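Residue numbers (my numbering): 58 to 202.
Following: one structure in structure tokens, then a few remarks.
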Amino acid sequence: MAGLCEGGKMFEKPVSGGGVEFKPGKLSPLHMPLHSFMWILTRPRLQDLVREVDPTEQLDEEVEELLLQLADDFVESTVGAACLLAKHRRASTVDVKDVQLHLERNWNMWIPGFGTDELRPYKRASVTEAHKQRLALIRKALKKY
58 MAGLCEGGKM
68 FEKPVSGGGV
78 EFKPGKLSPL
88 HMPLHSFMWI
98 LTRPRLQDLV
108 REVDPTEQLD
118 EEVEELLLQL
128 ADDFVESTVG
138 AACLLAKHRR
148 ASTVDVKDVQ
158 LHLERNWNMW
168 IPGFGTDELR
178 PYKRASVTEA
188 HKQRLALIRK
198 ALKKY
């Protein structure tokens, strides 16, 4: 994820508490962008996932490439955003809460089992009295015609 964190800080090693410590320094395989030495999702694993959904389905080569690239881009952008959130907290580590905040705010995703154990109840949008009145007026107007 080189270049995602400003100031020349790169990922170096995991630290206790589920974070990654930033360390300035030379690039090593641990500091190199993920796409330069490995894929997040491999072609065989993608094929396994497709078979789990539908055993008879076969993906075109171009579709596989696109899905692999999308997965890689998603992880890179998520890690980059989590890095920026950690930097905003003035922390030297990227924590699970940074990743969770990005996923929740930008992708409306909540990954249970990481960070906090709280259950995320489904929030039903509240309907205000003014909204109910507007709907009643619309229904009344539609009945006239």
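A virtual CB, placed ideally from N, CA and C, is assigned to each residue, including glycine.
Keep in mind that this is a model prediction, so the values were computed, not measured.
Per-residue DSSP class, three states only, for residue i
| i | result |
| --- | --- |
| residue 157 | helix |
| residue 115 | coil |
| residue 164 | helix |
| residue 131 | helix |
| residue 97 | coil |
| residue 136 | helix |
| residue 108 | helix |
| residue 120 | helix |
| residue 198 | helix |
| residue 146 | coil |
| residue 193 | helix |
| residue 187 | helix |
Beta-carbon spacing of residue i, residue j below 8 Å
| i | j | result |
| --- | --- | --- |
| residue 160 | residue 125 | no |
| residue 139 | residue 98 | no |
| residue 114 | residue 107 | yes |
| residue 142 | residue 158 | yes |
| residue 135 | residue 110 | no |
Other residues of its chain near residue i: CB distance less than 8 Å, five sequence neighbours each side excluded
| i | result |
| --- | --- |
| residue 83 | Residue placement at residue 83 is poorly supported in this model, since its pLDDT is 37, which falls under 50; the coordinates still yield a value, given next. Nothing meets the Cβ criterion. |
| residue 116 | 103, 104, 107 and 124 |
| residue 100 | 121 and 125 |
Residues of its chain near residue i, where Cβ-Cβ distance is below 6 Å and the 5 sequence neighbours each way are ignored
| i | result |
| --- | --- |
| residue 196 | none |
| residue 189 | none |
Contact belief for residue i with residue j at Cβ below 8 Å, rounded distance in angstroms
| i | j | result |
| --- | --- | --- |
| residue 151 | residue 171 | At roughly 13 Å, the Cβ-Cβ gap does not stay under 8 Å, so residue 151 and residue 171 are not in contact. |
CB contact check: residue i to chain D, cutoff 8 Å
| i | result |
| --- | --- |
| residue 151 | The chain inventory of the structure shown lacks chain D, comprising one protein chain alone. |
Own chain partners of residue i with C-beta closer than 7 Å, once the 5 adjacent residues on each side are dropped
| i | result |
| --- | --- |
| residue 186 | none |
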